[in-house]
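Just so you know, the sequences run in chain order A and B. Sequential numbering from 1 applies to the first sequence in the UniProt record's numbering. Sequential numbering from 1 applies to the second sequence in the UniProt record's numbering. First comes the structure, then the notes that go with it.
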Amino acid sequence: MSGGKHTAPGTQVVTGAQAVIKSLEALGVDVVFGYPGGAIMPAYDPLLDAELTHVLVRHEQGAIHMAEGYAHATGEVGVCIVTSGPAATNLVTGLADAHMDSIPVLAITGQVARSAIGSDAFQEADVTGITMPITKHNELVQSPERIAAAIKEAYHVARSGRPGPVLVDIPKDVLNATLVWEWPERVDLPGYRPTVRGHGKMIREALQLIAQAQRPVIYAGGGLVRAGADEELHAFATRLGLPVVTTLMARGVFPDTHELAVGMPGMHGHYAGVKALQQTDLLVTLGARFDDRVTGSLEHFAPHAKVIHVDVDPAEIGKNRAVDVPIVGDVKVVLGQLLKVLDDKADDASFAPDAADWRRHLAEMKRDHPLRFEQPETGVLKPQTAIRAVHETWGDEAVYVSGVGQHQMWSAQHIPYTRGRQWINSGGLGTMGFAVPAAIGAKVGVGRDTPVVAIDGDGCFQMTFQELATAVQHDIPVVFCVVNNGYLGMVRQWQHLFYDDRLSQVALPQDCPDLMKLADAYGIPGFRVQTVDELDATLAKAHEITDQPVLVEFRVDPDEMVFPMVPSGASNDEVLESADEWRARLAASGQ
Amino acid sequence: MDRHTLSVLVENKPGVLTRIAGMFARRNYNIHSLAVGPTDDPRVSRLTLVVGTEAVQLEQIVKQLNKLVHVLKIVELDAGESVQRELQLVKVAADAATRSQIIELADVFRAKIVDVDHDSITIEAAGNPGKLEAMIELLEPYGIREMVRSGTIALARGTKSITDGAKLRMQRVV
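Listed below in structure tokens is the structure:
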């Protein structure tokens, strides 16, 4: 960038807007997702000369989901920049999403001039007020001299401790004012001191508890992905022979292909994953938060289990489930500490539990209760078949990004993930419309050599497909797959099972929009798969295209449902493997 | 449900009170009373929060408060080992017949008469919440016109000060 005029040797006078861009550059940010407008316009001028790539989105919600996707895929802070008022409020969904899933995001928003704040000025909204409960922290910058420190602090808070979104709101007159540029050497946040290392006594107690367990299981959560703890988890689990259940947010952090992998727990988890948590006598909880979608009825969850809980956020420990051994710390560091103790006791095998029978039992459950679906030889295409074929086509190298609903659960179930950050979705908030922009952000993050495949539903896709233009304009070659069943499938499934099949407001015409014409309108290749026979050949053609975005539509069986399923509020002991099982249970109960 | 008194030291930054009150609202916790004011260090404010809750939830409240970036320190003050005070102004209906009885009552509670009119008396009283409630109970039959309470403020007994450590951290390099 050009910088400002120099007044005295070593002194550089810049505008607030230039300070924003210089701050991002000083932090090493290389890409921002954004959308200009009145209040943020000053910052868009120095952007022209900056060492930053700016990705122009089509809706501010797209900007923050892209920042999230980037952060998910890279582990770095995703940055978005938008104007005041309606633009800033369009970030709200993404901020809440990032907050729930602990995604490091820095959002910079324009605000009306300080003199106009509180006057209901054009495009004014109390953005720090609105976003307070859904950000890790936020700040309304009150002076130009504060800009650099505010951005540096925000970046630090976003990425450290339990990661999360941080918002910096900057009034237009602050952007236009001048200041003497100074990059703060340190971050001055006396009240912010995340605990990184686990307590030594707790570490030893945890190992002793593991040694005594008969049926231990690692309950692996998204915190492991955020911490980049794949290797430590692998070393720890294999060292002690501990079976591993990976939550929706943790898929891949322990390879599904490993013999100790038991699958996913929760409402739509693998049968063995659900049962493992119910039957265990020791939950080794790593970066997971006992979410209700995992526990089902909390009072019936893991009834025989003692609990070790490792989390960087002390508030998660004991929040939903009483804990026997609490360990506050970064899960990667804590696993390192656990491994260190094991290394020091190399000649002492007493820490490894005697769990061979338990492992055998879990292996049998995996074998006897596979995911159940039937793909007829001809005719209608099952969504599970389509998703398995997508994986076979783009393989283990690809990053898979999903929206929210049935397609998300099938994608989580049917693709064997082998590394953290390979699976990106909106777990906590369950944000429909997440996949298209998040996949674009992820692709920007991972670069051209790694395929990024969005697996979206027809409902989700229609919430944010305008970002296809962003992918086209910026030459971001994402594979967009739409599992089109013509319904809001998950809602339909619930209406079918729990509302006597009274389908209220869930039908979406399968032909409207015509996705092939839509692809055409955006100038990208579109492929439609309607039968099993077409699947391989069509995907092979789509796979050949690596230099531009591609749209693949699967017309799938609208009747297909996601199983296993634990009905909402039920105990995980009541996991259903098929709709027939549900009907039989209803008949038996006389309903 | 027990009453717990939390003393919270925070950085004196804009919006801190909103963040704290908002956390309580967001997580469906109830604030019984909240008093806030400056400390001897202009960079630090002190909140006294009284919450009616069980121990498990109290732990969660403290942990969630600690997550707020501007919160420096939280201490629970045990009722027996701390001095707790509230200020109360009560306007009581009073005529020539009842005025002297009310003044006598106020004297018993070491309260002050701060305003007198033809048909009312305003009493200022300070003390622990129990004492103030007892006074109200006795004044009630005369007819309470209106009243206001400040919320509890509290300090631990003895020489120990919870601000020392917090001040130290204000100078620390992160």
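We put the beta carbon where it would ideally sit given N, CA and C, even for glycine. Computed from a predicted model, the values in this text were never measured in an experiment.
Asked: Do the region 277-286 of chain A and the region 33-52 of chain B make contact, defined as three or more Cβ pairs closer than 8 Å?; Found: no
Asked: Hey, is A:Leu27's beta-carbon within less than 8 Å of any beta-carbon in chain B?; Found: no
Asked: Quick one: is A:Ala315 near chain B, going by C-beta distance under 8 Å?; Found: yes
Asked: Name, please, each residue of chain A whose Cβ falls closer than 8 Å to the Cβ of B:Met11.; Found: Looking at the sequence shown, residue 11 of chain B is not Met but Glu. Neighbours of B:Glu11 on chain A, chain order: Pro190, Gly191.
Asked: Against chain A, which members of the region 40-69 of chain B pass a CB distance test of less than 8 Å?; Found: Val56, Glu59, Gln60, Lys63, Gln64, Asn66, Lys67, Leu68, Val69
Asked: Write down the C-beta distance between A:Pro564 and A:Leu576 rounded to the nearest angstrom, noting that I regard them as a contact closer than 8 Å.; Found: 6 Å
Asked: May I ask you to verify whether the region 544-563 of chain A touches the region 252-260 of chain A, counting CB pairs closer than 8 Å and requiring at least 3?; Found: no
Asked: If distances are taken between C-alpha atoms only, which option among A:Ala26, A:Val187, A:Asp533 comes closest to A:Gln375?; Found: A:Asp533
Asked: Within the continuous alpha helix (DSSP H) that includes A:Pro383, where are the two ends?; Found: 383-394
Asked: On the CB-based measure, 16 or more other CB atoms within 10 Å of its CB, does B:Gly37 come out buried or exposed?; Found: exposed
Asked: Run through DSSP, which three-state label would A:Gly62 get?; Found: helix
Asked: Excluding the 5 residues preceding and the 5 following A:Glu60 in the sequence, name in chain order all residues of the same chain whose CB lies nearer than 7 Å to its CB.; Found: Tyr35, Val82, Ala87, Asn90, Leu91
Asked: On the CB-based measure, 16 or more other CB atoms within 10 Å of its CB, does A:Val325 come out buried or exposed?; Found: buried
Asked: Where A:Gly85 and A:Asp126 are concerned, what is the direct C-alpha to C-alpha distance, given to the nearest angstrom?; Found: 8 Å
Asked: Is the number of C-beta pairs between the region 301-310 of chain A and the region 168-177 of chain A that are closer than 8 Å three or more?; Found: no
Asked: What does the Cβ neighbour count give for A:Val157, buried or exposed, with the cut at 16 atoms within 10 Å?; Found: buried
Asked: What are the start and end residues of the alpha helix (DSSP H) that includes B:Leu17?; Found: 16-26
Asked: Measure from the C-beta of A:Pro104 to each C-beta in chain B and report whether the shortest distance is under 8 Å.; Found: no
Asked: When burial is assigned at 16 or more other CB atoms within 10 Å of the CB, is A:Phe290 buried or exposed?; Found: buried
Asked: Spell out whether any CB of chain A is found under 8 Å from the CB atom of B:Arg110.; Found: no
Asked: Would you call the region 460-467 of chain A and the region 309-327 of chain A in contact, with 3 or more CB pairs under 8 Å?; Found: no
Asked: Going by DSSP in three states, A:Asp169 sits in which element: helix, strand or coil?; Found: strand
Asked: May I have the straight-line CA-CA distance separating A:Tyr219 from A:Ile64, to the nearest angstrom?; Found: 30 Å
Asked: Are the Cβ atoms of A:Lys382 and A:Phe373 separated by less than 8 Å?; Found: yes
Asked: Would B:Val83 and B:Ala154 qualify as a contact pair, given that the criterion is a beta-carbon distance under 8 Å?; Found: yes
Asked: Do we get a CB-CB distance below 8 Å when we pair A:Lys319 with the residues of chain B?; Found: yes
Asked: Specify the secondary structure class of A:Asp520 as computed by DSSP and reduced to three states.; Found: helix
Asked: Residues in its own chain within less than 6 Å of A:Val506 by CB, not counting five upstream and five downstream?; Found: Tyr487, Leu488, Val491, Arg492
Asked: The alpha helix (DSSP H) spanning A:Glu374 covers which residue range?; Found: It is not in any alpha helix (DSSP H) - A:Glu374 carries neither H nor E in the DSSP assignment.
Asked: Give me the subset of the region 75-109 of chain B whose CB atoms are less than 8 Å from a CB atom of chain A, sorted by chain position.; Found: none
Asked: Going by DSSP in three states, A:Trp423 sits in which element: helix, strand or coil?; Found: strand
Asked: Identify every residue that forms a DSSP beta bridge with B:Asp2.; Found: B:Thr53
Asked: Given that a residue counts as buried once 16 or more other Cβ atoms are within 10 Å of its Cβ, and exposed if not, what is A:Phe498?; Found: exposed
Asked: Suppose the cutoff is 7 Å on Cβ atoms and the five residues either side in sequence are ignored; what does the same chain contact list for B:Glu81 look like?; Found: Ala156, Arg157
Asked: Evaluate contact between the region 34-48 of chain A and the region 434-447 of chain A, counting only Cβ atoms and requiring at least three cross-stretch pairs below 8 Å.; Found: no
Asked: Pick out whichever of A:Ile151, A:Ile387, A:Gly420, A:Ala272 has its Cα sitting closest to the Cα of A:Ala363.; Found: A:Ala272
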